[in-house]
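First comes the structure, then the notes that go with it.
In the working numbering, the protein residues as written are 4 to 411.
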């Protein structure tokens with residue numbers, strides 16, 4: 004039974020195979036008896052970074068090292084009636100070989116757990132794409148292209164690299180079946196010899212991958228990509244929506260409110276913390292560095308998504324500008340005389356309300372559109388909401404002060 008998710012990955016593998024086949028036709032034959040480098044790639048069909056590695060990173064390497072290529076798959080865990088893409092696929096080149104393992108399947112998840120235990124992968128580096136070559140573990144769509152070519156060269160210079168020492172891998176390798184022996188509808192390589200490829204681009208386009216995820220996954224499936232992190236996003240989103248409604252209703256209430264101001268250190272502490280978080284996110288977004296994420300969420304998926312920019316500007320940079328403006332308004336409200344002090348208090352509320360509304364939009368995107376949650380982004384959203392709520396009382400007092408001065 005075909006599924007949108009299976010169709011998505013099948014199209015990706017078909018495109019990869021067609022591109023590689025076309026490239027290998029014109030590649031010069033390599034010398035026989037050359038050393039071989041082997042690597043394992045753990046991926047998930049719903050992971051845009053996995054698509055990027057499969058479509059954008061690996062084809063040039065396969066072209067560079069291989070002159071011949073064949074495909075095979077493991078029969079374990081594969082039922083053509085349920086899915087079109089086998090959970091384990093083997094790209095067998097004469098110099099460079101890859102084993103693609105789908106962690107969204109039972110057999111793939113078991114092998115990934117074995118890899119975690121065998122290579123002692125720490126909690127903060129868990130996730131896909133994960134590539135293991137020799138004794139080296141590479142994680143993410145930045146680390147893999149940066150380090151993999153050098154590791155391949157070093158391994159070949161030392162006589163080759165065998166498959167990583169992964170428990171229960173040998174029986175799977177021994178059971179590999181040539182992909183040509185499968186049925187045509189389940190055989191990616193059948194496209195190479197029987198189907199024209201006018202719609203296949205000369206090289207994969209990574210920018211098309213994140214939208215592909217959004218088109219093929221339902222809202223429920225996107226939430227389940229990170230159930231803990233996305234559940235937290237939904238909880239924060241609900242709190243922000245309630246806070247926005249409360250702030251609007253409280254501002255419109257005609258009765259007077261207390262003139263008691265919140266503790267200055269509380270406002271200043273939140274402003275400094277928010278500015279620091281926005282600064283770190285700006286660094287991640289502008290430098291391409293992978294974010295340091297905690298045990299909850301997938302910051303890098305969010306930061307590398309198309310939604311990390313608004314009108315072409317990194318969201319982190321917008322956040323820094325917003326917090327800087329709030330700091331300036333807070334300082335004026337504390338130090339200036341009338342009418343600047345009350346005007347600054349009202350401006351502080353207006354900016355924090357706008358920032359909370361914008362943060363609400365960004366928080367909505369994480370579980371329902373991107374399918375991943377950024378803990379740093381949630382922290383900034385909570386801080387902005389808290390600043391808005393703390394600014395309500397002083398802003399209403401400032402508004403009454405200005406109205407009273409205007410009537411004199």
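No residue lacks a Cβ here, since even glycine has one placed at the ideal position from N, Cα and C.
Just so you know, these numbers come straight off a predicted model, no measurement behind them.
- For residue 105, the uninterrupted beta strand (DSSP E) run begins and ends at 99-105, by DSSP.
- 373 is the residue among 134, 406, 373 whose C-alpha sits nearest the C-alpha of residue 230.
- By the neighbour-count definition (other C-beta atoms within 10 Å, threshold 16), residue 160 is an exposed residue.
- In this chain, the alpha helix (DSSP H) harbouring residue 379 covers 378-410.
- Looking at the DSSP output, residue 74 shares a beta bridge with 94.
- Rounded to the nearest whole angstrom, the CA to CA distance from residue 182 to residue 144 is 27 Å.
- Shown here, residue 181 sits in a strand according to DSSP, grouped into three states.
- For residue 340, no beta strand (DSSP E) encloses it, and the DSSP letter there is neither H nor E.
- With respect to the 7 Å criterion, residue 348 and residue 317 are not classified as neighbours on the basis of their beta carbons.
- Put simply, of 243, 273, 375 the residue whose alpha carbon is nearest the alpha carbon of residue 329 is 273.
- With a beta-carbon spacing of about 15 Å, residue 102 and residue 64 fall beyond the 8 Å limit used to define contacts.
- Contact between residue 359 and residue 246 holds: CB atoms are separated by about 7 Å, below the 8 Å threshold.
- Taking a contact to require three or more Cβ pairs closer than 8 Å, the stretch 329-344 and the stretch 302-314 do not qualify as touching.
- For residue 39, the three-state secondary structure derived from DSSP is coil.
- Under the three-state reduction of DSSP, residue 81 is assigned to coil, being neither helix nor strand.
- Assigned with DSSP and collapsed to three states, residue 316 falls in strand.
- A buried status is given to residue 133, since no fewer than 16 other beta-carbon atoms sit within 10 Å of its beta-carbon.
- If you look at residue 133, you'll find it in the beta strand (DSSP E) that goes 133-136.
- Taking all protein chains in view, the Cβ of residue 250 is crowded by 16 or more other Cβ atoms within 10 Å, so the residue is classified as buried.
- Residue pairing by DSSP puts residue 164 in a beta bridge opposite 40.
- When the Cα atoms are used, residue 72 and residue 116 turn out to be separated by approximately 29 Å.
- The three-state reading of DSSP puts residue 287 in helix, counting H, G and I together.
- When the Cα atoms are used, residue 364 and residue 370 turn out to be separated by approximately 11 Å.
- Residue 74 and residue 91 have their C-alpha atoms roughly 11 Å apart.
- Judged by DSSP secondary structure, residue 142 falls within the beta strand (DSSP E) whose first and last residues are 139-142.
- With a cutoff of 7 Å on beta-carbon distance, residue 147 and residue 56 are scored as near each other.
- For residue 230, the enclosing alpha helix (DSSP H) covers residues 230-255.
- Only buried fits residue 66, as 16 or more other CB atoms lie within 10 angstroms of its CB.
- Note on geometry: alpha-carbon atoms of residue 355 and residue 278 lie some 13 Å from one another.
- About 6 Å separates the Cβ atoms of residue 104 and residue 43, confirming a contact at the 8 Å cut-off.
- Taking 7 Å as the cut-off, the beta carbon of residue 164 is found closer than this to the beta carbon of residue 137.
- Only exposed fits residue 120, as fewer than 16 other CB atoms lie within 10 angstroms of its CB.
- Between the alpha carbons of residue 131 and residue 110 lies a distance of about 16 Å.
- Residue burial is scored here from C-beta neighbours: residue 153 has fewer than 16 other C-beta atoms within 10 angstroms and is therefore classed as exposed.
- By the 16-neighbour rule on beta-carbons within 10 angstroms, residue 129 is exposed.
- In this structure, residue 269 and residue 393 form a Cβ contact; the two beta carbons are roughly 7 Å apart against a cut-off of 8 Å.
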